[in-house]
Structure formats: C-alpha cells, structure tokens
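The opening position of the sequence shown corresponds to residue 1100 in the numbering used here, with each subsequent residue numbered one higher. Idealized CB from N, CA, C, for every residue including glycine. Worksheet: one structure, shown below.
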Amino acid sequence: MRTAAALLTCISAFAWADVGAGAPVAYAYPTPWACGGGELTLHFESGEMLSSPPTFVIVDMAGVEVIRVRGELAVWRKDEEGGFIYEAAWDGRNADGRLVAPGTYICYVEGVRDTAFRFIVKR
C-alpha cells in the first residue's frame, strides 16, 4: 500500500448543493482559498431588492454556528433579467476572532425566501 503525506494550510475546494431551478444564486470566491491569507468573498444574487441586506451564516458540519457575516448591496445589475448582488467578506475567523480549523463548512444565506446553500471544504 502506498501513502502520501503533505502539509496543507487551509486550502479550499467548493461544491454546490442543489437548490432547485429559479433559486437565488450563492457562492464563494476565490477558489481555492487559503484561510488566513486574505478574505473569502461570499456572493449572493437575487432577482429582487431585499428590505435589508442578507446575513451569511457559516456553520460546521455538526450545525454549530461559526459566525454570521452581514452582506452589503454590492451591485445593482440592470440587464434583461435585472437583479441585485450582495456580497460580504470573511477572513476565516470565528465569532471569537480565531482562525477556524480545517474541515468542511456550510454557508447559507439567511433572510430570503429561498435559502441557497454553499459547501466549503477546507483542507
């Protein structure tokens, strides 16, 4: 049996959860992302202007809340579809200000009718 060992520092890979047709779009970038090495942008697109900016909630795989990040209206895109873009920056720290441990995290958008999920795998 062959094995390989390597030291990785919070390298991220991303994958979608299926939220169905017509659902708002949500994702994070850049990918891959090294926690502690800049900010991860949390991105949300909606076909309608929200009464208040959405909150991005990051939880671990056990469902324990890591942090809440308030979004801001970044762009109002007026094209044949129209739409609004909200973004927030996350520095990879939890609510106590410590860098999160490597692992799998889920980011969801709170305060919208259809909540979009984004899975973040950090190694």
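Three-state class that DSSP yields for residue i in the structure shown
| i | result |
| --- | --- |
| Trp1132 | coil |
| Arg1192 | strand |
| Val1208 | strand |
| Ala1127 | strand |
| Ala1200 | coil |
Residue i burial status per 10 Å Cβ neighbour count (16 or more: buried)
| i | result |
| --- | --- |
| Leu1198 | exposed |
| Leu1139 | buried |
| Thr1203 | exposed |
| Pro1129 | exposed |
| Leu1172 | exposed |
| Ser1145 | buried |
| Val1174 | exposed |
Reference residue i, options the options, closest by Cα
| i | options | result |
| --- | --- | --- |
| Arg1169 | Glu1147, Ile1184, Phe1155 and Asp1159 | Phe1155 |
| Pro1201 | Met1160, Pro1153, Tyr1126 and Val1124 | Met1160 |
| Ala1125 | Asp1190, Trp1132 and Phe1143 | Phe1143 |
Whole-angstrom C-beta distance between residue j and residue i, which should lie under 8 Å
| i | j | result |
| --- | --- | --- |
| Pro1153 | Glu1209 | 6 Å |
| Cys1205 | Val1163 | It is worth fixing the name first, because residue 1205 is Ile in this sequence and not Cys. Actually they do not touch by this definition, with Cβ atoms about 11 Å apart. |
Length at least 3, wholly inside the stretch 1134-1184: the beta strand (DSSP E) runs in chain order: 1139-1145, 1154-1159, 1164-1169 and 1171-1175
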